[in-house]
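Comments concern the structure below.
In full-length UniProt numbering, the protein residues as written are 1 to 348.
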């Protein structure tokens with residue numbers, strides 16, 4: 001550093017300022033330290049207890065009698081915050097999140113049990129940090145007092161996708177954009193991910209397009225060759241019911257298309273039109289949707305019929321026809337990892 005003057009980072013690099021962010025997991029970042037502890041009876045049984053970088057997350061695993069420890073040393077020059085995003089899918093995983101001061105003493109109200117998230121859900125945990133030196137630790141082990149453990153799940157696991165520290169010393173240099181990302185201008189605080197079918201090396205100012213016979217996923221550092229298409233690369237789709245009450249089956253490539261559509265199998269021809277029918281217990285309403293029969297009626301075909309005077313309808317749901325969307329059902333979209341927020345109270 002030649003002077004105390006702040007300068008913009010050049011294109012192809014980025015800087016977070018006084019924020020430390022760990023979100024790329026091709027290797028374990030140098031700021032993190034890993035360790036394994038074990039009971040005296042099982043020193044040789046902890047080979048599977050470890051922390052493994054998986055690209056988009058850091059995977060921690062622990063087996064019975066062993067614990068996996070992840071540590072981060074900090075020197076905050078001002079009040080800030082520590083936060084991290086994680087996923088714990090099973091009930092046998094127990095994780096303690098602890099903040100120690102520079103004398104390795106646990107701070108008051110700074111030890112937390114990290115709760116289970118369930119499948120495909122991320123929780124965002126944050127806790128305040130005052131100015132000073134700290135050691136932050138995640139310690140994971142198997143909870144042997146759960147039904148999951150009794151019925152055979154003997155491995156604890158956690159996925160950490162991001163660790164962010166605010167209040168760290170100012171950045172004295174710019175970081176090259178990781179492979180698969182780019183910064184096309186100077187003064188960037190983060191790099192943008194390369195879109196699908198493009199790639200970039202580390203420190204890139206722009207992404208390069210893949211060749212016609214290649215493809216890539218978003219955020220890739222290389223392209224893959226498109227193999228000839230097979231029957232596993234397309235799917236059947238039923239068209240919406242038309243004005244004549246007809247629907248037919250068509251075929252489309254599964255997206256994103258990663259096979260070579262010019263070689264291998266081709267899409268099948270569309271099927272013949274068939275009648276759009278409603279499930280039992282429903283009837284067509286306004287020629288657009290299926291509607292439940294009234295309380296005193298039942299249906300055996302496409303029309304609701306009134307029950308005889310000495311009979312009552314058998315109420316229930318039986319969905320076996322899907323040309324029109326049946327009643328009482330709703331749909332929504334859920335991303336691969338939905339995010340929830342947890343905020344721990346401040347400590348003195």
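Where a beta carbon is used, it is the ideal one built from N, C-alpha and C, also for glycine.
What residue does the beta strand (DSSP E) around residue i start on, and which one ends it?
i, result
"residue 85", "80-87"
"residue 325", "Residue 325 -> no beta strand (DSSP E), and no H or E assigned at all."
"residue 260", "260-264"
"residue 72", "66-76"
"residue 290", "289-292"
"residue 283", "282-285"
"residue 25", "Run containing residue 25: none; DSSP gives neither H nor E here."
"residue 32", "32-38"
"residue 54", "Residue 54 -> no beta strand (DSSP E), and no H or E assigned at all."
"residue 99", "93-101"
"residue 212", "Residue 212 -> no beta strand (DSSP E), and no H or E assigned at all."
"residue 129", "121-129"
"residue 237", "234-238"
"residue 62", "58-62"
"residue 248", "Looking at the DSSP string, residue 248 is not in any beta strand (DSSP E), and its letter there is neither H nor E."
Relative to the C-alpha of residue i, which residue among the options is closest?
i, options, result
"residue 116", "173, 205 and 89", "89"
"residue 260", "247, 119, 242 and 225", "225"
"residue 164", "57, 22, 246 and 284", "22"
"residue 275", "202, 20, 254 and 242", "242"
"residue 255", "244, 266, 235 and 269", "235"
"residue 134", "104, 125 and 39", "104"
"residue 124", "106, 160 and 91", "160"
"residue 72", "118, 313, 212 and 29", "29"
"residue 285", "325, 45 and 156", "325"
"residue 46", "271, 136 and 156", "156"
"residue 136", "118, 244 and 112", "112"
Among the residues of its own chain, which have a CB less than 8 Å from the CB of residue i, if the five just before and after it don't count?
i, result
"residue 327", "282, 289, 290, 291 and 292"
"residue 158", "59, 60, 86, 87, 88, 93, 95, 114, 138 and 140"
"residue 18", "77, 78, 80, 166, 167, 168, 169, 170 and 171"
"residue 12", "176, 177, 182, 183, 203, 204 and 205"
"residue 263", "228 and 229"
"residue 191", "14, 177, 178, 181, 182 and 183"
"residue 50", "34, 36, 60, 61 and 68"
"residue 353", "Absent from the structure is residue 353, since the part of the chain shown begins at 1 and ends at 348."
"residue 106", "98, 99 and 100"
"residue 316", "281"
Comparing the CB of residue i with every heavy atom of the ligand FAD, is any distance shorter than 7 Å?
i, result
"residue 249", "Absence of the ligand FAD from the depicted structure is noted, as is the absence of any ligand whatsoever, leaving it without description."
Which residues in the same chain as residue i place their Cβ atom closer than 7 Å to its Cβ, once the five residues preceding and following it in sequence are excluded?
i, result
"residue 9", "15, 174, 186, 187 and 188"
"residue 232", "none"
"residue 64", "142, 144 and 154"
"residue 25", "53, 54, 55, 56, 57 and 58"
"residue 194", "180, 181, 182, 200, 207, 218, 219 and 220"
"residue 239", "247, 248 and 250"
"residue 336", "Unreliable positioning characterises residue 336 in this predicted model, as indicated by a pLDDT of 47, which lies under 50. The coordinate reading is nonetheless provided below. Result list for residue 336: 120, in chain order."
"residue 330", "none"
"residue 39", "65"
"residue 27", "53"
"residue 48", "61 and 63"
When the distance is taken between beta carbons, is residue j closer than 8 Å to residue i?
i, j, result
"residue 351", "residue 223", "An answer regarding residue 351 cannot be provided, because it is not within the stretch 1 to 348 covered by the chain."
"residue 250", "residue 323", "no"
"residue 81", "residue 127", "yes"
"residue 74", "residue 34", "no"
"residue 98", "residue 110", "yes"
"residue 237", "residue 252", "yes"
"residue 294", "residue 318", "no"
"residue 311", "residue 277", "no"
"residue 5", "residue 20", "no"
Take residue i and list the residues in its own chain whose beta-carbon comes closer than 6 Å to its own, dropping the five residues that flank it on each side.
i, result
"residue 131", "76, 78 and 79"
"residue 273", "246 and 248"
"residue 216", "197, 199, 210 and 223"
"residue 346", "Because residue 346 sits at a pLDDT of 47, beneath the cut-off of 50, its placement in the model cannot be relied upon, and the point is left open."
"residue 220", "180 and 199"
"residue 257", "none"
"residue 102", "133"
"residue 268", "251"
Chain D beta carbons: is any one of them nearer than 8 Å to that of residue i?
i, result
"residue 90", "The chain labelled as chain D is not found in the depicted structure, where only one protein chain is given."
Continuous alpha helix (DSSP H) assignments of at least 4 residues falling wholly in the stretch 143-204: As summarised for the stretch 143-204, the continuous alpha helix (DSSP H) elements at least 4 residues long and confined to that stretch are 147-150, given in chain order.
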